[in-house]
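Trainee: Chains as they are written, first to last, in the working numbering: chain A, 66 to 180; chain B, 25 to 137. Quick one: the structure is below, and I'll ask about it shortly.
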């Protein structure tokens, strides 16, 4: 079946602009996660949704970052007033539930470059 | 600027050899551990996981060992193949949310034919 789909695969934007990154999880997966991966490092947790609600947003670096999942499926990560330090690969992952024998399945990410 | 791989541990093996990739974790409260493989331009791919009530778990050509005493995790790959070349990450999570993972540094595995 289809895996986690992220669009766009690449996004170049100018400093100060607003961007939206989209994630389509695996069908039926109720848990959805956003991670950020900088060059040469492991992914870092940003936010987790269970259904429509953000169950844990403790990883969001500041209030320029926001994510939604209005219908409990597709999610959008929104970044306002982008900065060069926001450049990274933004990964989305989903799982069938948040506990017990349900590992995260990752998409291929959106590579964001802020110039 | 920093280039990918310059600061990551590396392991280079010949095709057919067994590979062992090590990982130290820091959080004593972590009770779920997972290994991911990441190829260039792709997202992390699940390999195998283990809970803290186990010390060994086997999959297809892979074995994960967990030593909670010294907070050490290892991934063994049997009969390593060129397709196994990638960056390997260990990750840990505590019982409140198994999806809120803390990833390790990563190890670059290169398999020579």
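Don't be surprised by glycine CBs; every beta carbon is placed ideally from N, CA and C. This one's a predicted model, so the numbers in the text were calculated from it and none came from an experiment.
Answer with buried or exposed for residue 27 (chain B), where buried requires no fewer than 16 other C-beta atoms within 10 angstroms of its C-beta.
Mentor: Low local confidence applies: a pLDDT of 34 at residue 27 (chain B) is under 50, so the model's placement there is unreliable, with the coordinate-based value given in what follows. Burial call: exposed.
Trainee: Mapping the DSSP letters down to three states, classify residue 85 (chain B) as helix, strand or coil.
Mentor: coil
Trainee: Using a Cβ-Cβ cutoff of less than 7 Å, which residues in the same chain neighbour residue 135 (chain A) once the five nearest sequence positions on both sides are dropped?
Mentor: 117
Trainee: Which residues of chain A have a Cβ atom closer than 9 Å to the Cβ of residue 58 (chain B), listed in chain order?
Mentor: 168 and 169
Trainee: Applying a beta-carbon distance threshold of less than 7 Å, which residues of chain B neighbour residue 131 (chain A)?
Mentor: Under the 7 Å cutoff, chain B gives no residues; its nearest Cβ is about 18 Å from residue 131 (chain A).
Trainee: Closest to residue 180 (chain A) by CA distance: which of A:158, A:169, A:139 and A:151 is it?
Mentor: A:151
Trainee: Using a beta-carbon distance cut-off of less than 7 Å, what residues from the stretch 75-104 of chain A approach chain B?
Mentor: 96, 98 and 104
Trainee: Going by C-alpha distance, which of B:62, B:54 and B:87 is nearest residue 112 (chain B)?
Mentor: In terms of Cα proximity to residue 112 (chain B), the closest of B:62, B:54 and B:87 is B:62.
Trainee: So is residue 68 (chain B) in contact with chain A if we call contact Cβ pairs under 8 Å?
Mentor: yes
Trainee: Cβ closer than 9 Å: which chain A residues qualify as neighbours of residue 40 (chain B)?
Mentor: Proximity of chain A to residue 40 (chain B) at the Cβ level (cut-off 9 Å) is not reached, the minimal Cβ distance being about 28 Å.
Trainee: Taking contact to mean at least 3 C-beta pairs separated by less than 8 Å, is the stretch 119-130 of chain A in contact with the stretch 168-180 of chain A?
Mentor: By the C-beta criterion, the stretch 119-130 of chain A is judged not to be in contact with the stretch 168-180 of chain A, since fewer than 3 inter-stretch pairs fall below 8 Å.
Trainee: What are the boundary residues of the beta strand (DSSP E) that includes residue 94 (chain A)?
Mentor: Bounds of any beta strand (DSSP E) do not take in residue 94 (chain A), whose DSSP letter is neither H nor E.
Trainee: Please go through the same chain and pick out, in chain order, the residues whose beta-carbon is closer than 6 Å to the beta-carbon of residue 29 (chain B), but skip the five residues on each side of it.
Mentor: Confidence at residue 29 (chain B) is low in this model, with a pLDDT of 40, below 50, so its placement is unreliable and the value that follows should be read with caution. Result list for residue 29 (chain B): 132, in chain order.
Trainee: What does DSSP give as the partner residue(s) for residue 85 (chain A) in the beta ladder?
Mentor: Partner(s): A:143.
Trainee: Could you please give the first and the last residue of the uninterrupted beta strand (DSSP E) stretch that includes residue 48 (chain B)?
Mentor: 43-48
Trainee: Output, in chain order, the set of chain B residues within a Cβ distance shorter than 7 Å of residue 181 (chain A).
Mentor: The question about residue 181 (chain A) has no answer, for chain A in this structure spans 66 to 180.
Trainee: For a cutoff of 8 Å on Cβ pairs, would you count residue 130 (chain B) as touching chain A?
Mentor: Output row for residue 130 (chain B): interface = yes.
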